[in-house]
Amino acid sequence: MSSSPKKGYLLVFSRPTHPAFSTSHDTFNKWYNEIHIPDILRLGRANGFTCAFCYARAGLDPSKPSSTANTDLEVTYPKDEQWLYLAMYPVPDVERASRPDSGLYKAPLEHELLPAPGKAMEVAKWELGFWEVVGEGGSDSPKDTDVILVPVDSSDIPGYDVPGAHPSALLDYSRKGWEGPDPVRSRLLKFTTPAFNSDGTGLKQYLAVHEVEPNTEQTLKPEFKTVKYKLYKKFGV
13 MSSSPKKGYL LVFSRPTHPA FSTSHDTFNK WYNEIHIPDI LRLGRANGFT
63 CAFCYARAGL DPSKPSSTAN TDLEVTYPKD EQWLYLAMYP VPDVERASRP
113 DSGLYKAPLE HELLPAPGKA MEVAKWELGF WEVVGEGGSD SPKDTDVILV
163 PVDSSDIPGY DVPGAHPSAL LDYSRKGWEG PDPVRSRLLK FTTPAFNSDG
213 TGLKQYLAVH EVEPNTEQTL KPEFKTVKYK LYKKFGV
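Written out as structure tokens, the structure is:
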């Protein structure tokens, strides 16, 4: 008997690195938001890619990245990089979406909008992977939200250092990663497989994604590798 599909996400962390992006990310975001993400949703629809949410790091001005990105934003999870953007693609069947023949891998990664050599993987830093939803909590309100990410392993919880700790315990523990209003919704994601040229190393087993009201203040705790992203654009919803 086949198992039921398990919903999940493709998470894409990115940071433009080409010198042409040092004063503005407008061209990068034009390619990413007007060409690349629509390509994925078009070519990957049969594999469950029907919508996406794009976020910018809290405190980043994409039109003037040099004013913040190289000075005020800490390196953070994953892999202690100064990630500036996050794209989240919810999928109804994470195993199907991650197959090598998925439409995701048919999306072109070269374009004339990008600076020479015009290859996306060479003008920005990327970390991509698939994550299964293993726990959820909170409201199902359709309102727009920002997100707070907290990486966590069961071994992080004092007295609870056993594999596969209950998802609710992991979500509760991850809430210690910041001070401020409670989230609207929370999801616990479990890493399943890397994508493209990412290798999946240096990742914790779980990632707590807490959706919070826009324009609310939080005090992030760096010892938890907590990071906040603000909703930048959404697609297909």
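All residue numbers for the sequence shown refer to the numbering used here, where the first residue is 13 and numbers rise by one. Think of the CB as a built atom: it goes at the ideal place given N, C-alpha and C, for glycine as much as any other residue.
query                                                                                                                                                              : result
Report the three-state DSSP secondary structure of SER26 (helix, strand or coil).                                                                                  : strand
Within 8 Å, do at least three Cβ pairs link the stretch 133–150 to the stretch 47–55?                                                                              : no
Please return the same chain residues whose Cβ sits closer than 8 Å to the Cβ of CYS63, not counting the five positions on each side in sequence.                  : LEU53, TYR101, PRO102, LYS246, PHE247, GLY248, VAL249
What are the boundary residues of the alpha helix (DSSP H) that LYS42 is part of?                                                                                  : 38–43
Whole angstroms are fine: how far does the CA of GLU191 sit from the CA of LYS237?                                                                                 : 14 Å
Between ARG187 and GLN94, is the Cβ-Cβ spacing less than 7 Å?                                                                                                      : no
Pull up the distance between the alpha-carbon of LEU201 and that of VAL162, whole angstroms please.                                                                : 10 Å
Which first and last residues belong to the beta strand (DSSP E) in which TYR117 is found?                                                                         : From DSSP, TYR117 is part of no beta strand (DSSP E); its letter is neither H nor E.
For TYR89, which residues from the same chain have a beta carbon less than 6 Å from its beta carbon, with the 5 sequence-adjacent residues on both sides left out? : PRO163, LYS237
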